[in-house]
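Quick note: the sequence shown uses my numbering, first residue 94, plus one each step.
All residues carry an ideal CB built from backbone N, CA and C; glycine is no exception.
Model, not experiment: these values are computed from the prediction.
Worksheet for the structure shown next.
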Amino acid sequence: MNDRVTFSEDGQERRPLKDYTEEAYLNYSMYVILDRALPNIGDGLKPVQRRIIYAMSELGLKATAKHKKSARTVGDVIGKFHPHGDSAAYEAMVLMAQPFSYRYPLVDGQGNWGSADDPKSFAAMRYTESKLSPYAELLLSELGQGTVSWKPNFDGSMDEPEILPARVPNVLLNGTTGIAVGMATDIPPHNLREVVAACIHLLENPKASSAELCEWVPGPDYPTEAEIITPRSDLLAIYETGRGSVKMRAVWHKEEGDIIVTALPFQASGSKILEQIAAQMRNKKLPMVEDLRDESDHEHACRLVITPRSNRVDVDGLMGHLYATTDLERSYRVNMNIIGRDGKPGVMSLREILKEWLAFRIDTTRLRLQHRLDKVDRRLHLLDGLLTAFLNIDEVIAIIRSEDEPKAILMARFALSEVQADYILDTKLRQLARLEEVKIRAEQQQLAEEKQQLELLLSSEARLKTLVKKELQQAADEFGDERMAPLVERAETQAFSETELLPSEAITAVLSEKGWIRAAKGHDIDPLALSYKSGDGYLAAAKGRSNQNVYLQDSSGRFYALAAHTLPSARGQGEPATGRLNLPAGAVISHLLMAADEQQVLLGSDAGYGFVAKVGDLYTKNRAGKAVISLPKGARVMAAKLIDSDQALVAAVSNEGRMLVFPLSEVPQLARGKGNKLLSIPSSRLQSREEFVVDYAVIPEGGELRVYSGKRHLAMKGKDLEHYLGERGRRGHKLPRGFQKVDALAVE
């Protein structure tokens, strides 16, 4: 790329715009990824968070100090370490102070720091006060002990730590979210005791898998008492791959008929949830809810009250619907993208995170011990020189009084180092007291013992790991707590369908000869008494409920479904059904049907074929309908007959007055097709329309069959039907004289 850089006569650099923009964008991307958006494996902090905590510690705002104005801290952060907007720095600080946002808050705030219902409602930084929380000591306590590298701040006027020497894996405990260039991170918070237990297990069993570690870390632990309902297998997959999603669900109970919601999912807003429910009530999608209230107060951090319209409401079904349609149930993406010890970002499994962090912790502990050992060695060296001077105090004083350059003389006379000589010369006269030798020897002995202990620890990897385990357990004992978010496996929920939300009222659907359809309330309607357009008249009617579908059957054997509640009122003359449907050329609507989806019906053609189907099998959203009945050549479709009993009989009668009665159990059950032969009709006579089936009837056990011919009718029941009983598919027997031309069959 540098080969393409040229210089003009006046010394200006020239390079292709493509190269310049590409390099500039890559530099920006790396900056955002490494120095803004992603956390470091060591302390689990982004740079702005690390700088806030360090600035507060430099201001002396430890957990034991008094609170100071937040504006003071923000001023130090942006003035010394983080040259960005004050509002961005303050918002990052607020987040670390909110107990409903951070599992283990790093900042102890005083004043209005927002609420769980509205995290952004915090007061301005000139009004709030803050200091570090006790938990922050786990990140800062070893800072001045040679454990971290330091780098110049943005203007080189002072140094800041590259990373904080965390004593616990904060990257998992508080989690974080961030969006970089081309990558993002979403790490959920976890429980301190659980994570420490997993760390100790991994130290004792370095080959432990993520699945084994999940025995100690069963799942995230959000700062809310809402339930984590993600199945254990899915949680295990998250910890093995570093990616996935976690689902949380609100906790509720019944109290005097009301539904009381006591815990909401992480970062869910109670007021927003009430708005979502109220919007459904306004849109008449929750007719079973009468009232909503927010009774949250200082005593009850979350108390949302949902009042059902009556005691008959299915409360579990209602809550299932609300889980599916509101923030009472939320999913959280997990993408454990972290900057590792090698300085490179990557998605890590639970085992990789803990393994990397433990390596960081062991190195940090080793640096701390080495730093202390070096300090002990220096002190022992100084004490050796001081003891030498004390034992030869008169000669030392004489040299100091008589010599112009006593330092060099002392070094030569007593074989002292330059550091020892300087220390002796800086010693105050009052330290030459008689008891000083005892103090020096006691300190020497104490430091010698400490040195021996430090050297033992540094020389043994096993002892070092034992120390790390011990310190981890101490941190868990001091700052650990019980899990807040319970892990509970729950069944999936579904929102109410449109039909479930509709009131179930009795209606009668009416179809005219010209294909106009409408619906009247009630089942006591006389369709013939309704008004019709000129030249039009009654064709068919069906009784059902307003939350069911109306099935229209056409002359080609297709069925069409229309929601009953969408039909126009019978007060008018309706609307043409063809406006909502796409019928095949030449086909016309011939029959209507209404029933529950599980209701069985007898379908067939006048060719003598038929089968049993469920009403649900007829349903389709397609405007072009669903082909259900296959018609033999020359045949016409018959109206569907409702079946009330499996023990029923089927009666089939032809235009020649032949009738056959046979058990319904002999009719096949199909979702669609031609069916089996019910009454034998010769195909040649069918095609010429000399012989065909006039009607079918389904006779319930103990029912009465009526055969109509003109104005006459014949009633048959029990033994009267035995003469016509036979096997399905026979020709049947002739009806009595006068009923050779049958118009219809009916069942009473």
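Count the C-beta pairs between the segment 246 to 254 and the segment 427 to 435 that are closer than 8 Å, then say yes if the count reaches three, no if not. no
So what's R405 in DSSP terms, helix, strand or just coil? coil
Since I432 sits in a beta bridge, which residues does DSSP pair it with? N133, P438
Exposed or buried, which one is A717 when buried takes at least 16 other CB atoms within 10 Å? exposed
Name the residue from Y332, L131, Y315 whose alpha carbon lies nearest to the alpha carbon of M341. Y315
Can you give me the start and stop residues for the beta strand (DSSP E) that W345 sits inside? 344 to 348
Contacting residues, own chain, Cβ-Cβ under 8 Å from Q843 (five flanking each side not counted): The structure shown has nothing for residue 843, since the chain only spans 94 to 841.
Taking the C-alpha atoms as reference points, what is the distance between K365 and Y425? 18 Å
For V241, count neighbouring C-beta atoms within 10 Å of its own C-beta (all shown protein chains included) and say buried if the count is 16 or more, exposed if not. buried
In whole angstroms, what is the alpha-carbon distance linking G679 and G608? 13 Å
Opposing strand residues paired with G703 [DSSP bridges]: G697, N769
Going by the DSSP bridge assignment, what does P756 pair with across the sheet? L742
Report the residue from R196, D210, D211, P192 whose alpha carbon sits nearest the alpha carbon of Q203. P192
Do the segment 692 to 707 and the segment 770 to 780 meet, that is, are 3 or more Cβ pairs less than 8 Å apart? yes
Contacting residues, own chain, Cβ-Cβ under 7 Å from A291 (five flanking each side not counted): L306, W309, V310, L447
Put L379 into one of helix, strand or coil per three-state DSSP. coil
With a threshold of 6 Å on Cβ separation, who are the neighbours of M94 within its own chain once the five nearest residues in sequence on each side are excluded? Interpretation of M94 is limited by its pLDDT of 44, a score under 50 that renders its predicted location unreliable; no figure is taken from the coordinates.
Alpha carbons only, please: which of L397, V440, V382, T458 is nearest the one belonging to G410? V382
Can A764 and A706 be called in contact, C-beta distance under 8 Å? yes
Between L828 and M752, is the Cβ-Cβ spacing less than 8 Å? yes
Taking the Cβ atom as the reference point for each residue, do N267 and R336 lie within a distance shorter than 8 Å? no
If you reduce the DSSP assignment to three classes, tell me which class P176 lands in. coil
Tell me L735's beta-bridge partners as DSSP assigns them. V694
Taking all protein chains shown into account, decide if K224 is buried (16 or more other Cβ within 10 angstroms of its Cβ) or exposed. buried
By the DSSP assignment, the beta strand (DSSP E) with E571 in it spans what residues? Run containing E571: none in the beta strand (DSSP E); it sits in the alpha helix (DSSP H), 554 to 572.
Distance between L711 and E693 (C-alpha atoms, nearest Å): In the sequence on display, residue 693 carries Gln and not Glu. For Q693 and L711, the distance between alpha carbons rounds to 11 Å.
Based on the DSSP secondary-structure assignment, which residues constitute the bridge partners of H806? Y801
Is K827 helix, strand or coil when you go by DSSP? strand
What did DSSP end up calling M94 once you bin it into helix, strand or coil? At M94, the pLDDT of 44 sits below 50, so the modelled position is not reliable; the number obtained from the coordinates is stated separately. Correct three-state label for M94: coil.
If you draw a straight line from the C-alpha of I792 to the C-alpha of L660, how long is it? 32 Å
Pull up the distance between the alpha-carbon of H849 and that of E668, whole angstroms please. Residue 849 lies beyond the range of the chain shown here (94 to 841); nothing can be said about it.
Helix, strand or coil for H684? Go by DSSP, reduced to three states. strand
Specify whether the segment 147 to 157 and the segment 280 to 291 touch according to this definition: at least 3 beta carbon pairs, one from each stretch, less than 8 Å apart. no
Inspect the beta-carbon positions of I502 and I490 and report whether they are closer than 8 Å. no
Closest to D737 by CA distance: which of H616, V264, G795, V754 is it? G795
K161 versus E222: straight-line alpha-carbon distance, rounded: 5 Å
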